[in-house]
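Working notes, beginning with the structure itself.
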Amino acid sequence: MRLYLDVDGTLLRRSGHARLRGDLAPANHLLRFLEWASGNFECVWLTSRTRHGSDDRLLPVLRQAVGPGEEWDRIKALIAAFATPVWEDHKAQAIALDLDFCWIDDAPEEESLHALAQAGRQDCWISVAVDQDPDDLRKVMEQIITRQQHRHAAE
Numbered sequence: 581m582r583l584y585l586d587v588d589g590t591l592l593r594r595s596g597h598a599r600l601r602g603d604l605a606p607a608n609h610l611l612r613f614l615e616w617a618s619g620n621f622e623c624v625w626l627t628s629r630t631r632h633g634s635d636d637r638l639l640p641v642l643r644q645a646v647g648p649g650e651e652w653d654r655i656k657a658l659i660a661a662f663a664t665p666v667w668e669d670h671k672a673q674a675i676a677l678d679l680d681f682c683w684i685d686d687a688p689e690e691e692s693l694h695a696l697a698q699a700g701r702q703d704c705w706i707s708v709a710v711d712q713d714p715d716d717l718r719k720v721m722e723q724i725i726t727r728q729q730h731r732h733a734a735e
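Count along the sequence shown from 1, add 580, and you get the number used in the numbering used here.
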């Protein structure tokens, strides 16, 4: 199963309490979430920072938010294999709608939500807003696990 990941407001919070200069800080449970995600899914970045097909604009932002050290080293190793698809107008252009997936994002564009609805896949989007609820990543892990259990029970 693929897991599409937004970053700002989803994995990083806009709190003004960043460890270094900047206005983004890691969401609570970020390392644990990335360990879980990378071990259980084919992870795909779905953020405007990677829309050109590379993580070269994302990695410096993540590093600045997390800060240097062991935690960053672990995160960098975990995300090294995450895919970075190219898309132009809206994020749903990069989603393989015919495959099994979940997409976590705090504010998807209307065009993307419309594309999901047209494909009958609107239930694949999971709202995550770590700016409003710092524990959202933990809750999303539980929600996705529950979804997978229900899918397996139905099969």
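Ideal Cβ positions, reconstructed from N, Cα and C, are used throughout, including at glycine.
CA-CA distance, histidine 609 and leucine 591? 9 Å
Would you check whether the ligand GDP has a heavy atom nearer than 8 Å to the C-beta of leucine 642? With respect to small molecules bound, the structure shown includes none, and the ligand GDP cannot be examined in it.
According to DSSP, is serine 634 part of a helix, a strand, or is it coil? coil
Please classify lysine 671 as buried or exposed, where buried requires at least 16 other C-beta atoms within 10 Å of its C-beta. buried
Going straight from the alpha carbon of leucine 600 to that of leucine 642, what length do you get? Interpretation of leucine 600 is limited by its pLDDT of 48, a score under 50 that renders its predicted location unreliable; the figure taken from the coordinates is listed afterwards. Using only the alpha carbons, I get a separation of about 11 Å.
Can you tell me whether isoleucine 675 is buried or exposed? The criterion is at least 16 other CB atoms within 10 Å of its CB, across all chains shown. buried
Quick one: residues in its chain with C-beta nearer than 7 Å to the C-beta of alanine 598, no 5 flanking neighbours on either side, listed in chain order? No answer about alanine 598 holds up, because its pLDDT of 48 lies below 50 and its placement is not dependable.
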